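Following the numbering used here, the numbering of the sequence shown begins with 32 at its first residue and continues without gaps.
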Amino acid sequence: MARSMLVINSSSSSIKYALYHLGRVASCIFQGSVEGIGTSKSSISHKSISTAQDLKIMGKCIGDHEAGLKKVMDLLQQPQNVCTVGHQVVHGNEKFSKPTHITQEVKKAIERAIPLAPLHNPANLEGIRIAEELFHCPHIAVFDTAFHSTIPQLSYMYRIP
């Protein structure tokens, strides 16, 4: 049975995703997005990398992130093979500087960082909550703020090159 990893970026009105086959080398097999969540102009774009087939579903109202992620599950072939789910999270405060296994404590820390990313962290948490219900496997958070954690202090304190 081929194992795969699902990567999710859950934002305020969209979900972007990619499914990777985990062979000797990880390779993307599906990617797509659910756009306009909560509006009458919701759409899903889904692409099979191996067959170069594109699917676009438009005009169907996707009321919330849960409905959107369930539609994604329907489009993925054999989602039961997902052994890990990765989540892009915008702000992890200063606490997270590398990919982190998601626990209750990590979710509380993401919640505490909501004032620092009020448009992003709530949707990131919602995506984590829903994905944990749908995929019973390890979930890993990768924080955008970790990218900046290795920059020398002088570089991030001052706007001079």
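We put the CB at the ideal spot given by N, CA and C, even for glycine.
Only a predicted model underlies this, so the values are computations on that prediction, with no experimental measurement involved.
What's the gap between the Cα of residue i and the Cα of residue j?
i       : j       : result
Ser-79  : Thr-115 : 20 Å
Ser-76  : Ser-64  : 5 Å
Met-144 : Met-36  : One point to set straight first is that residue 144 is Ala, not Met, in the sequence displayed. Each residue's Cα considered, the two are about 26 Å apart.
Ser-74  : Leu-165 : 21 Å
Arg-55  : Val-113 : 16 Å
Ser-42  : Leu-185 : 31 Å
Glu-142 : Asn-152 : 7 Å
Phe-127 : Lys-139 : 13 Å
Lys-87  : Thr-181 : 40 Å
Name the two residues that bound the continuous alpha helix (DSSP H) containing residue i.
i       : result
Ala-98  : 96-106
Ala-125 : The amino acid occupying residue 125 in the given sequence is Glu; Ala does not appear at that position. Unbroken run through Glu-125: none, as it is neither H nor E.
Quick check on DSSP: helix, strand or coil for residue i?
i       : result
Leu-50  : strand
Val-137 : helix
Gly-158 : helix
Gln-109 : coil
Ile-145 : helix
Leu-86  : strand
Leu-150 : coil
If you follow the beta strand (DSSP E) that residue i is in, where does it begin and where does it stop?
i       : result
Ala-177 : No beta strand (DSSP E) holds Ala-177; the alpha helix (DSSP H) holding it covers 175-178.
Ala-57  : 57-66
Ile-182 : Ile-182 -> no beta strand (DSSP E), and no H or E assigned at all.
Lys-78  : 74-79
Do residue i and residue j have their C-beta atoms closer together than 8 Å?
i       : j       : result
His-118 : Glu-157 : no
Ser-81  : Ile-68  : no
Val-103 : Ile-161 : no
Gln-62  : Ala-83  : no
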